[in-house]
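**Q** Going by the numbering used here, the first residue of the sequence shown is number 3, and it counts up by one from there.
All residues carry an ideal CB built from backbone N, CA and C; glycine is no exception.
Pasting a structure below so you can have a look.
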Amino acid sequence: MRTLSIIFVTHSSARYIVPFLESVMRATEKIDTQIIAVDNNSTDGTAAGLEKLPSVLCIRNSENVGFARACNQGIRSSEGEFVLLLNTDMVVKEGAVDALLEFLRSHPAVGVAGARLENPDGTLQHSIGRFPTVLKLIGDRIPVINAVVPVYFERRAPVYSHIQYPDWVAGSCMLIRRTALQRAGMFDERYFMYMEDVELCYRMRRAGWQVGYCPDATVMHHDLGKTPEKRYNKFINQRIGLLRFFYQYRSRASCAIVRAALRLELGIRRLPESGELIDYRAVLKTIP
């Protein structure tokens, strides 16, 4: 068995793929590594370029099957004792992969670990947290409540200076122990994109594994989901994923509150392109 399998999903990612791969190669130079790309029907030549690289196994999809399903495709083709999931809009800093591997090796109860994520300007990105609850949802929508009752410990910068054992870590950079995947299962493919990482960590913890945060591993993340052309899809898919999580793991009363809150929020949000109100009924119908 190889030491490490790195899996990343591409969808018209040509702009960032070269610096990303260069950083991955540097960071894993002394590690027995398998690199797997899963392309979700790119239209900018990303897949064709990847297929020319002998060090990369490229799996091509004829349509965009979503992040969770694509990751599972990569995991099924992987051979490593550890599986590292990365976004392609990242630059892996020197020593980051070594630090993550050492973290899991020295913490045998941890099944999945996350790294410190930074913006291009060096500022912190929030990448760990507690599982969603109604209180957290209300606190997020009404800032004065969060100021009085701090429900988001992960938004405090000092937290990221030390080893933590949060409920979840961001799937944009996530090292998973293969034995943990075998026990807890892979990603739930009903999540197209967003919240699939939280749901996986939920099952990891239910299966008896801890979730860990390694402050010694740093990765720069452009976070393309915040760009104007992708902001709307991120907004919608985050809320679809959140509601799906509540339907799976929370009470009917909690689901009703969250559904009402999202209906209100979606009912007053406008499309960034046209200024029209978002059709909240169409969004909520995507949840069974």
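1. I'd like the list of long-range same chain contacts for A159, defined as Cβ closer than 6 angstroms, with 5 residues on each side in sequence excluded.
2. Residues in its own chain within less than 6 angstroms of R4 by CB, not counting five upstream and five downstream?
3. Select from M188, L119, I178 the residue whose C-alpha is nearest the C-alpha of V161.
4. Kindly identify the DSSP beta-bridge partner or partners of L6.
5. CA-CA distance, P122 and H224?
6. Quick test of the definition: if touching needs 3 or more C-beta pairs under 8 angstroms, does the stretch 193 to 203 touch the stretch 240 to 253?
7. State buried or exposed for L266, treating a residue as buried only when at least 16 other CB atoms are found within 10 Å of its CB.
8. Count the C-beta pairs between the stretch 165 to 184 and the stretch 46 to 61 that are closer than 8 angstroms, then say yes if the count reaches three, no if not.
9. On the premise that N63 lies in contact with L40, defined as a C-beta separation below 8 angstroms, what is that separation, rounded to the nearest angstrom?
10. Measuring only the C-alpha atoms, how far is A98 from A255?
11. Evaluate Q184 with the Cβ neighbour count: other Cβ atoms within 10 Å of its Cβ, from every protein chain shown; 16 or more gives buried, anything less gives exposed.
12. Would you kindly report the start and end of the unbroken beta strand (DSSP E) that includes S178?
13. Less than 7 angstroms between C-beta atoms, sequence neighbours within five positions excluded: which residues of the same chain meet that for V11?
14. Terminal residues of the continuous alpha helix (DSSP H) containing V26?
15. If you reduce the DSSP assignment to three classes, tell me which class D100 lands in.
16. On the three-pair Cβ rule with 8 angstroms, is the stretch 134 to 141 touching the stretch 255 to 264?
17. By alpha-carbon positions, which one of Y215, D100, V94, Q212 ends up nearest to Y18?
18. Would you identify the three-state DSSP class for Y215, choosing helix, strand or coil?
19. Rounded to whole angstroms, what is the Cα-Cα separation between S163 and R180?
20. In the DSSP assignment, find the beta strand (DSSP E) that holds D49 and state where it starts and stops.
21. Skipping 5 residues on each side, what residues in its chain have a beta carbon closer than 6 angstroms to that of V146?
**A** On the basis of the data shown:
1. Along the sequence shown, read from residue 1 onward, the residue named residue 159 stands at position 157. Answer for A159: L126, listed in chain order.
2. Counted from its first residue, the sequence shown places residue 4 at position 2. Cβ neighbours of R4 beyond the five flanking positions: D34, Q36, E81, G82.
3. For the purposes of this step, residue 161 is identified with residue 159 of the sequence shown, where counting begins at 1. Restricting attention to M188, L119, I178, the CA atom closest to the CA of V161 is found in L119.
4. Stepping through the sequence shown from its first residue, residue 6 is reached at position 4. In the DSSP secondary-structure assignment, L6 is bridged to T35, F84.
5. Residue numbering aside, residue 122 sits at position 120 when the sequence shown is read from its first letter. Residue numbering aside, residue 224 sits at position 222 when the sequence shown is read from its first letter. Cα to Cα, P122 sits roughly 6 angstroms from H224.
6. Put simply, the stretch 193 to 203 touches the stretch 240 to 253. At least three CB pairs are less than 8 angstroms apart.
7. The residue given as residue 266 occupies position 264 in the sequence shown. Its Cβ having fewer than 16 others within 10 Å, L266 is exposed.
8. no
9. For the purposes of this step, residue 40 is taken as the residue at position 38 of the sequence shown. For the purposes of this step, residue 63 is taken as the residue at position 61 of the sequence shown. It is worth fixing the name first, because residue 40 is Val in this sequence and not Leu. V40 to N63, Cβ: 7 angstroms. Contact.
10. Mapped onto the sequence shown, residue 98 falls at position 96. Mapped onto the sequence shown, residue 255 falls at position 253. Taking the straight line joining both Cα atoms gives about 42 angstroms.
11. The count along the sequence shown starts at 1 and reaches residue 184 at position 182. Exposed.
12. Counting from 1 along the sequence shown, the entry for residue 178 is found at position 176. The sequence as given places Ile at residue 178; Ser does not occur at that position. From DSSP, the beta strand (DSSP E) with I178 extends over 175 to 179.
13. Locating residue 11 in the sequence shown gives position 9, where the first residue counts as 1. These residues qualify, in order along the chain: V40, N42, F69, A72, C73.
14. Walking along the sequence shown from the start, residue 26 turns up at place 24. Looking at the DSSP string, the run of the alpha helix (DSSP H) that includes V26 is 16 to 29.
15. Your numbering for residue 100 matches position 98 in the sequence shown. It is helical.
16. yes
17. Mapped onto the sequence shown, residue 18 falls at position 16. Considering only alpha carbons, the answer is V94.
18. Mapped onto the sequence shown, residue 215 falls at position 213. Strand at Y215.
19. Translated into the one-based positions of the sequence shown, residue 163 becomes position 161. Translated into the one-based positions of the sequence shown, residue 180 becomes position 178. Whole-angstrom Cα-Cα distance: 27 angstroms.
20. Numbered from its first residue, the sequence shown carries residue 49 at position 47. Per the sequence presented here, residue 49 reads as Ala, with Asp not at that position. That residue, A49, is in no beta strand (DSSP E); its alpha helix (DSSP H) goes 48 to 53.
21. If you number the sequence shown from 1, residue 146 lands on position 144. Reliability of the predicted coordinates at V146 is poor, the pLDDT of 48 falling under 50, and the value obtained from them is presented with this limitation in mind. Closer than 6 angstroms at the Cβ level, and outside the excluded window around V146, lies no residue.
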